[in-house]
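Undergrad:
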Amino acid sequence: MNAATVAGGSFGGLTEQYCTFWVDDLYFGVPVDGVQEVLRHQPMTPVPQASEAVRGLINLRGQIVTAVDLRVRLGLPPRADDALPMNVIVRNRGEVVSLLVDDIGDVIDTSGHGGSELEAPPTNMPPQVQQVVLGVRPLDESILLVLDADKAVDVSAAPESVNG
Amino acid sequence: MDDDAEIIAEFLVESHENLDQLDRDLVELEQHPGSRELLSSIFRTIHTIKGTSGFLAFGRLERLTHVGETLLSQLRDGEKAMTPPIAEALLRMVDTVRALLDVIERTGKDEDESVEVAPVAAVIEALLAGVEPEAEVPDELPAELPAELPDVLPVVLATPELALAGAGVTPGVSGNGALPTAPPDSQEQAVVVAPAVASYVAEAVPATGEPEPHPDPAEDAAERRTVVDSSVRVDVDLLDNLVQLVGELVLTRNQLLQRSEISDDVELVRASQRLDLVASELQESVMKTRMQPIGQVWAKMPRIVRDLSHQLGREVDLTMEGHETELDRSLLEALRGPLTHLVRNSLDHGIERPEDRLAAGKPRSGKLLLRAFHESGQVVVEITDDGKGIDPDKIAAVAIERGVVSREQIARLDTKEIVNLIFRPGFSTATEITNVSGRGVGMDVVRTNIERIGGSVDLQSEVGRSTTVRVRIPLTLAIIPALVVGEGAERYAIPQANLVELVRLEGEDLERSVERLAGAPVLRLRGKLLPLVSLSEALGGEPEQVEALTVVVLQSDDLRFGLCVSAVHDTQEIVVKPIGRQLKNLTMYAGATIMGDGRVALILDVAGIAASRRIEATENEVTEVRAVDEDAVALLVLEVAGGQRAALPLSAVARLEEFPRDRVERTGGSEVVQYRDGLLPLVRLAPAIGLPDSSFDSEQISVVVHERDDRAVGIVIDRVLDVIETSVITSQVGHRYGVTGSAVVQDRVTDLVDLEAVVARTGVGA
Numbered sequence: 001m002n003a004a005t006v007a008g009g010s011f012g013g014l015t016e017q018y019c020t021f022w023v024d025d026l027y028f029g030v031p032v033d034g035v036q037e038v039l040r041h042q043p044m045t046p047v048p049q050a051s052e053a054v055r056g057l058i059n060l061r062g063q064i065v066t067a068v069d070l071r072v073r074l075g076l077p078p079r080a081d082d083a084l085p086m087n088v089i090v091r092n093r094g095e096v097v098s099l100l101v102d103d104i105g106d107v108i109d110t111s112g113h114g115g116s117e118l119e120a121p122p123t124n125m126p127p128q129v130q131q132v133v134l135g136v137r138p139l140d141e142s143i144l145l146v147l148d149a150d151k152a153v154d155v156s157a158a159p160e161s162v163n164g
Numbered sequence: 165m166d167d168d169a170e171i172i173a174e175f176l177v178e179s180h181e182n183l184d185q186l187d188r189d190l191v192e193l194e195q196h197p198g199s200r201e202l203l204s205s206i207f208r209t210i211h212t213i214k215g216t217s218g219f220l221a222f223g224r225l226e227r228l229t230h231v232g233e234t235l236l237s238q239l240r241d242g243e244k245a246m247t248p249p250i251a252e253a254l255l256r257m258v259d260t261v262r263a264l265l266d267v268i269e270r271t272g273k274d275e276d277e278s279v280e281v282a283p284v285a286a287v288i289e290a291l292l293a294g295v296e297p298e299a300e301v302p303d304e305l306p307a308e309l310p311a312e313l314p315d316v317l318p319v320v321l322a323t324p325e326l327a328l329a330g331a332g333v334t335p336g337v338s339g340n341g342a343l344p345t346a347p348p349d350s351q352e353q354a355v356v357v358a359p360a361v362a363s364y365v366a367e368a369v370p371a372t373g374e375p376e377p378h379p380d381p382a383e384d385a386a387e388r389r390t391v392v393d394s395s396v397r398v399d400v401d402l403l404d405n406l407v408q409l410v411g412e413l414v415l416t417r418n419q420l421l422q423r424s425e426i427s428d429d430v431e432l433v434r435a436s437q438r439l440d441l442v443a444s445e446l447q448e449s450v451m452k453t454r455m456q457p458i459g460q461v462w463a464k465m466p467r468i469v470r471d472l473s474h475q476l477g478r479e480v481d482l483t484m485e486g487h488e489t490e491l492d493r494s495l496l497e498a499l500r501g502p503l504t505h506l507v508r509n510s511l512d513h514g515i516e517r518p519e520d521r522l523a524a525g526k527p528r529s530g531k532l533l534l535r536a537f538h539e540s541g542q543v544v545v546e547i548t549d550d551g552k553g554i555d556p557d558k559i560a561a562v563a564i565e566r567g568v569v570s571r572e573q574i575a576r577l578d579t580k581e582i583v584n585l586i587f588r589p590g591f592s593t594a595t596e597i598t599n600v601s602g603r604g605v606g607m608d609v610v611r612t613n614i615e616r617i618g619g620s621v622d623l624q625s626e627v628g629r630s631t632t633v634r635v636r637i638p639l640t641l642a643i644i645p646a647l648v649v650g651e652g653a654e655r656y657a658i659p660q661a662n663l664v665e666l667v668r669l670e671g672e673d674l675e676r677s678v679e680r681l682a683g684a685p686v687l688r689l690r691g692k693l694l695p696l697v698s699l700s701e702a703l704g705g706e707p708e709q710v711e712a713l714t715v716v717v718l719q720s721d722d723l724r725f726g727l728c729v730s731a732v733h734d735t736q737e738i739v740v741k742p743i744g745r746q747l748k749n750l751t752m753y754a755g756a757t758i759m760g761d762g763r764v765a766l767i768l769d770v771a772g773i774a775a776s777r778r779i780e781a782t783e784n785e786v787t788e789v790r791a792v793d794e795d796a797v798a799l800l801v802l803e804v805a806g807g808q809r810a811a812l813p814l815s816a817v818a819r820l821e822e823f824p825r826d827r828v829e830r831t832g833g834s835e836v837v838q839y840r841d842g843l844l845p846l847v848r849l850a851p852a853i854g855l856p857d858s859s860f861d862s863e864q865i866s867v868v869v870h871e872r873d874d875r876a877v878g879i880v881i882d883r884v885l886d887v888i889e890t891s892v893i894t895s896q897v898g899h900r901y902g903v904t905g906s907a908v909v910q911d912r913v914t915d916l917v918d919l920e921a922v923v924a925r926t927g928v929g930a
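Line by line, the protein sequences give chains D and B. Residue 1 is where the first sequence starts when you use our numbering, and the numbers rise one by one after that. Residue 165 is where the second sequence starts when you use our numbering, and the numbers rise one by one after that.
So, in structure tokens, the structure goes:
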């Protein structure tokens, strides 16, 4: 229960293993040691009057977990009505938060790809996305955006209802 | 006596822990003889034991630790250097202290002669005097043994070999005279040495055994667990974690039970019933681990009372009951302040000076009773004094003067409610500010603090006789009773502590009782206007038209309002869980919980909802209204005689009550009901003002209680229509016995009741 706080964003260049997922057509990764688990879609209780990005509350084995929709957080178009989001459960500053994503990828090891340093996010990405991206890591077939979980779960900075 | 036993038990646990540390420190000290830090730590431990043993009158323990402490202080200050004899003496002292503690644990005293204190004390005293005792301390003997044994053992071992050799050799070499002499020699040696070893061993065993007069461990350990073994110090975080886990287990059990109820699998049903049982017991036990007796707060009271009574010139006998009453430790902490404040108040404002008491015909010294007990899942703490009590008239006067309530509101309050006004903010009756009370911490703070932990406080007082403050607190904060309501597809939990009543309005009632004032819905509820809040609108939904309305009347501090919900489910015990910081800025939620089906439900924060809908204390609103229209009179508009309207000044109305018709009894020619430990004479308003009486028709009778001095009269009416504030222009039309005249109120002719004449009919002196 009292798992050590692993701030998703506070790693150096040391973490090489990423839990990956897709939001819209963006390929994201969070360091594996910040991820508690990955779950398929869970029933949610909506929280009226809460920030748009908060989709609801999940009962995770008795613990109440806030679900933050990354699509809303990133200012991306909403997912199709019949598409159920998946949950990437991350530990953040002593709390457990669920990131709602479109699809889950593999856990990848990036140690074979170039140096251990992340590249800065390209400046022509939308600011809403740049804001929560710690850095990018070009892989052979895709570009991994390393998510700053700290910023991602801070919904006070989320765009207000871009797509109404 | 119980107190002592408790203090001793605590002392023992603490001392044993300290002694274990002491042993380690002493041993380490031998390695690092100069360590100031170690010496200070050892000194502190012994000093603590000495202090407590003196306080508890353990004379022998005190004497021993005293000399030990003196020696230690000299070592610490560098007056003496650590030497092996000193270390030895200190270790012996620790052993003896331990032995004494065991004796205390068994007998409650330290007088058992089987533990000798004098020899150890003598050794230490000798060391203090600068005499290095000879190494004749029995403990040192075993240390000498190994030094001698190597010399002895080979001889002993050699003997059988030699004997064998001799035996084997003898027949063949009988002629050799040299060999036969050797075995007897060595055998003799062996015989001589063996007893020596035996005697060393024999001496050593009792010698080492003596300073440790533990009772036979085999015999004792089996029979009882000692104080030390039976308690363990546990990290509070760990306990909190356990409580949380058990909460989850209970929820999981609830889910399982729901499923198993509809299952055909007998084994599953049986297993889940067993799980149900075990989980309940587990929950209870885990909750108990966080429980602590209120005695911990009580323990401080005698001193507080003593100091205060000196300071204030009071004489007080303090009685405390229910030390063992347990409650959650976090609540206990939160309770400490308010209780102390209440005790202070009792001494300062309650109990009179001895001379005043004698003049009032009471014994010189006042009585202060603190009582704690469990009642229907709550802890009740009562603070009772037999002092001068609280005068409701004085309270009422002050309350009006300070603008805490208006005169009309006072009229609607009963004595108890008036007395409880002292818990309102901005109220303090202290005529002089003393050192004890009146330091800016009023009764409103006491109430706020108690309500913060989900408790309530009220006060009962008999003028000149006594005052009792009753504090009720839940056993624990983690699990609270709540009303579950529905809105849209979701459920919301409302803490029962905020719940006043449920009102359902349909059809005609709905139209008549709910009105909109400048768009704001209000409900007329028994003569009071209750602001209404729609839960769906508070949650950001659209206002909707409904046929029926379910109003949950809620109260938080001075706020009272009705929350309109679309469905009321049931009440249940819910486990309060925190919500993430993404939602912390939403004041309308107090947390979340998990329902029996596993879904999350939000817990509503009543004060937060009121704030979000800008509901303010109703009292304030009324005061403002009054300020606008100075000439207005508040009237209670009634219906009598099947449709006739009459009105009473609201200030004459103490309360509104309803009684079932069969509670009306007769005494002589009058009707009465039993009411608040007394009889309430009734007068039927219709005949009293010359109208036909129709109030017999219904099952319930509506009664306006009018109070004058200490007497009350019940005026039976058909029903209350309204409370209005208006300027009345009285017309003489309709003037007759019991009616001072008529007026147009809300566009209808209304009789103004002559209260004096009506009350006179009951024979109660008006």
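Even for Gly, the Cβ is constructed at its ideal location relative to N, Cα and C. Values in this document were obtained by computation on a predicted structure and should not be read as measured data.
(1) What I want to know is whether the C-beta of B/S205 ends up closer than 6 angstroms to one or more non-hydrogen atoms of the ligand MN.
(2) I need the DSSP call for D/Q63, collapsed to helix, strand or coil.
(3) Within 8 angstroms, do at least three Cβ pairs link the region 889-897 of chain B to the region 865-881 of chain B?
(4) Determine the direct distance from the alpha carbon of B/P659 to that of B/A907, and round the result to whole angstroms.
(5) Could you please give me the residues that DSSP links to B/R872 through a beta bridge?
(6) Are the region 237-257 of chain B and the region 214-221 of chain B touching by the rule of at least three beta carbon pairs closer than 8 angstroms?
(7) Counting only beta-carbon separations shorter than 7 angstroms, does D/I64 have a partner in chain B?
(8) Within 10 angstroms of the Cβ of B/K741, are there 16 or more other Cβ atoms? Answer buried if so, exposed if not.
(9) If you measure beta-carbon to beta-carbon, which residues of the region 505-527 of chain B are closer than 8 angstroms to chain D?
(10) Taking the alpha-carbon positions, what's the B/E829 to B/V836 distance?
(11) Can you pull the chain D neighbours of B/G760, defined as C-beta to C-beta under 8 angstroms?
(12) Taking C-alpha atoms, which residue in B/I171, B/D826, B/V450 lies nearest to B/H487?
(13) Write down the C-beta distance between B/D259 and B/V267 rounded to the nearest angstrom, noting that I regard them as a contact closer than 8 angstroms.
(14) Does the distance from the CB of B/A657 to the CB of B/T548 come in under 7 angstroms?
(15) Are the beta-carbon atoms belonging to D/V23 and D/R91 less than 7 angstroms from one another?
(16) Could you give the distance in angstroms between the alpha-carbon of B/L439 and the alpha-carbon of B/K452?
(17) Whole angstroms are fine: how far does the CA of B/R467 sit from the CA of B/R724?
(18) Consider the Cβ of B/K748: report whether some Cβ of chain D lies at a distance smaller than 7 angstroms.
(19) Please confirm if D/T172 has its CB atom under 7 angstroms from at least one CB of chain B.
(20) Please list the terminal residues of the continuous alpha helix (DSSP H) segment that includes D/M44.
(21) Could I get the ranges of all uninterrupted alpha helix (DSSP H) runs contained in the region 680-767 of chain B, with 4 residues as the minimum, in chain order?
(22) D/T20 and D/G94 look like a contact to me (Cβ under 8 angstroms); what is the Cβ gap, rounded to whole Å?
(23) On the premise that B/A263 lies in contact with B/V287, defined as a C-beta separation below 8 angstroms, what is that separation, rounded to the nearest angstrom?
(24) Listed in chain order, which residues of the region 857-887 of chain B have Cβ atoms closer than 9 angstroms to some Cβ of chain D?
(25) Could you tell me whether the Cβ of B/G551 comes closer than 7 angstroms to any Cβ of chain D?
(26) Between which residues of its own chain and B/V365 is the CB-CB distance below 7 angstroms, once the five residues before and five after are set aside?
(27) Using the C-alpha atoms, what's the distance from B/V801 back to B/L855?
(28) Where B/Q419 and D/D102 are concerned, what is the direct C-alpha to C-alpha distance, given to the nearest angstrom?
(29) Whose Cβ in chain B lies nearer than 8 angstroms to the Cβ of D/V155?
(30) Under three-state DSSP, which class holds D/K151?
(31) Using a beta-carbon distance below 7 angstroms, is D/V30 in contact with chain B?
(32) Ordered along the chain, which non-local residues of its own chain (more than five positions away) have a Cβ less than 6 angstroms from that of B/R224?
(33) Give me the residue from B/R200, B/L202, B/T209 with the minimum Cα distance to B/H180.
(34) In whole angstroms, what is the alpha-carbon distance linking B/E572 and B/L814?
(35) If we ignore side chains and look at the alpha-carbon of each, how far apart do D/P122 and B/G704 end up?
(36) Apply the 10 Å Cβ neighbour rule to B/G491 and answer buried if 16 or more other Cβ atoms are within range, or exposed otherwise.
TA: Concretely, from the data shown:
(1) Although the ligand MN was asked about, the structure shown includes no ligands whatsoever.
(2) strand
(3) no
(4) 46 angstroms
(5) According to DSSP, B/R872 bridges with B/R875.
(6) no
(7) With 7 angstroms as the cut-off, D/I64 counts as an interface residue toward chain B.
(8) buried
(9) Against chain D - using a Cβ distance shorter than 8 angstroms - the region 505-527 of chain B contributes no residues.
(10) The alpha-carbon of B/E829 is positioned some 5 angstroms away from that of B/V836.
(11) Here the premise fails: no neighbours, minimum Cβ distance about 12 angstroms.
(12) B/I171
(13) The pair is not a contact, with the Cβ atoms about 13 angstroms apart (cut-off 8 angstroms).
(14) no
(15) no
(16) 20 angstroms
(17) So the alpha carbons of these two residues sit roughly 41 angstroms apart.
(18) no
(19) With chain D represented from 1 up to 164, any question about residue 172 of chain D goes unanswered, as that position is not in the structure.
(20) Element bounds for D/M44: n/a, residue is neither H nor E.
(21) If we require 4 residues or more, the alpha helix (DSSP H) runs fully inside the region 680-767 of chain B come out as 699-702.
(22) At roughly 25 angstroms, the Cβ-Cβ gap does not stay under 8 angstroms, so D/T20 and D/G94 are not in contact.
(23) Rounded, the Cβ-Cβ distance is 15 angstroms, inconsistent with contact.
(24) none
(25) With 7 angstroms as the cut-off, B/G551 does not count as an interface residue toward chain D.
(26) Its pLDDT being 41, under 50, B/V365 is placed unreliably by the model, and nothing is read from it.
(27) Rounded to the nearest angstrom, the two C-alpha atoms are 16 angstroms apart.
(28) 29 angstroms
(29) Per Cβ cutoff of 8 angstroms: Q746.
(30) helix
(31) With 7 angstroms as the cut-off, D/V30 does not count as an interface residue toward chain B.
(32) D274, V281
(33) B/T209
(34) 6 angstroms
(35) In this structure, the alpha-carbon of D/P122 lies about 39 angstroms from that of B/G704.
(36) In the sequence as presented, Gly is not what sits at residue 491 of chain B; that position holds Leu. By the neighbour-count rule (16 or more Cβ atoms within 10 Å), B/L491 is buried.
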